[in-house]
Amino acid sequence: KSDALNAGIYLSENKYVGCIDVDCLIVPEALLHVVKSFYQHSEKRVIAVGGVIRVANSCKISGGTLEEIRLPKNWLAKFQLLEYTRSFLLGRMAWGRIDSLLIISGAFGFFDREIALAVGGYDTNTVGEDMEIIFRMRRYMHDMDEPYHVAYIPDPLCWTEVPEDLKIFVNQRDRWSRGNLETLNTHKDMFFNPKYGRLGMLSYPYWFFYEWLAPLLEFVGLLAIVLFIYLGIINWEFFIAITITIYSFSIMFSFYAILWEVYSYNQYSKTCDILTLMLVAILEPLFFHPLVVWSSVRGNYKKLFKIRSGWGSQVRKGFAKA
């Protein structure tokens, strides 16, 4: 994929280039939003632009146009829809607000071609090329001491098909975790490095501790709990209290994301859709999150022991026709 993207960047003669996954649909006004973002910051050079990615599974599509927004019928896709809502409407919007975003989704990303070429394009030695190129472009601008900005558009401009097959989903998250580790390792000198400002002191540590280390600690913690139960040395009162606290916080955070979606865009306006999403939020920590943790552990295991995996199978069902 990186080679193909680099070929497109090198062959392009335009000032800006866009990279969009083949299983994505962009809304008609998407490019206008992107171009506007590149020219909104006259005092800074906008080097990359990304936007909100939404789940298109089960939506009605006609002639490459989104006709009707629907909740996915598949439960695995439902879980991913909630995850995407949290990530893009809360997480990335917050990082974009303080100009500390370290990833532009490979499904929908636009770049200043000159800067992309200056850093050598996409890295062909990683499966996390979408994240790694943002790291490199940001570092380049820091080293050049040139004011710059990575823009994030808080509007759903791109709709993508997420995996509905368990094996394909695990392979995808396995790849994401390997790409995350590869990128963090490549740019490890940024870790708590004040030279890079918020990127070194806040963004990189977040990706290190929360996105990479947290799933591994969760897995080790689960094994420890099983061992403590077997040995009969677990403090049940503390265990139950901390479990309820963490579970409640997870649900409340997801509920907030759902309410923010309803307040901001109201794309799932039916009462039954909102109730379904709330049910998904209740079930997610019990079923979906452990699957994500396992996928991350598997990806790190493969990377640690140099097990060649590449991209893996990415079979898609295709969009529903109107």
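Here the sequence shown is numbered in my numbering, starting from 25 and rising by one per residue. In this text, a Cβ means the ideal position worked out from N, Cα and C, and glycines have one as well. Bear in mind that the values here come from a model prediction, so they are computed numbers and not experimental data.
By how many angstroms is the C-alpha of V317 removed from the C-alpha of F243? 7 angstroms
Rounded C-alpha distance that separates S124 from S227: 6 angstroms
Might you give, ordered along the chain, the residues of its own chain that have their beta carbon closer than 6 angstroms to the beta carbon of F252, omitting 5 neighbours on each side? I258
Going by CA-CA distance only, name the one from F262, D169, N209 that's closest to K68. D169
Report back the beta-carbon spacing between V321 and P239 to the nearest angstrom; my notes put them in contact at under 8 angstroms. 6 angstroms
Can you give me the C-alpha to C-alpha distance between G130 and C43, rounded to a whole angstrom? 7 angstroms
Looking only at its chain, what residues have a beta carbon closer than 6 angstroms to the beta carbon of S274, apart from the 5 residues adjacent to it on each side? P309
If you draw a straight line from the C-alpha of P229 to the C-alpha of F103, how long is it? 27 angstroms
My output table needs one value for G32: the three-state DSSP class, helix, strand or coil. helix
Boundaries (first-last residue) of the beta strand (DSSP E) holding R199: Segment 190 to 210 is the alpha helix (DSSP H) holding R199; no beta strand (DSSP E) there.
What residues are listed by DSSP as bridge partners for E37? Beta-bridge pairing links E37 to no other residue.
For the segment 89 to 98 against the segment 53 to 71, are there 3 or more C-beta pairs whose distance is under 8 angstroms? no
Residues in its own chain within less than 7 angstroms of L208 by CB, not counting five upstream and five downstream? W231, F232, W236
Burial state of M276 (16 or more Cβ within 10 Å): exposed
If the criterion is Cβ atoms closer than 9 angstroms, does the pair S201 and S26 meet it? no
Give the range of the alpha helix (DSSP H) segment to which R322 is assigned. 295 to 328
Whole angstroms are fine: how far does the CA of I157 sit from the CA of A175? 15 angstroms
Do L301 and Y292 have their beta-carbon atoms positioned less than 9 angstroms apart in this structure? yes
Backbone CA spacing between L299 and D198 [nearest angstrom]: 31 angstroms
Are the beta-carbon atoms belonging to V79 and A101 less than 9 angstroms from one another? yes
C-alpha gap between P52 and L315, whole angstroms: 35 angstroms
Tell whether a beta-carbon distance below 9 angstroms holds between T210 and T150. yes
Who are the Cβ neighbours of I93 in its own chain at under 6 angstroms, not counting the five residues just before and after it? C83, Q291
According to DSSP, what are the bridge partners of W183? L49, R78
Output the distance between the C-alpha atoms of N38 and Y172, rounded to the nearest integer angstrom. 20 angstroms
What does DSSP give as the partner residues of R69 in its beta bridges? Y172
Once you ignore the five residues that flank L113 on each side, which residues in its own chain have a CB closer than 8 angstroms to its CB? V76, P178, A281, W284, E285, S288
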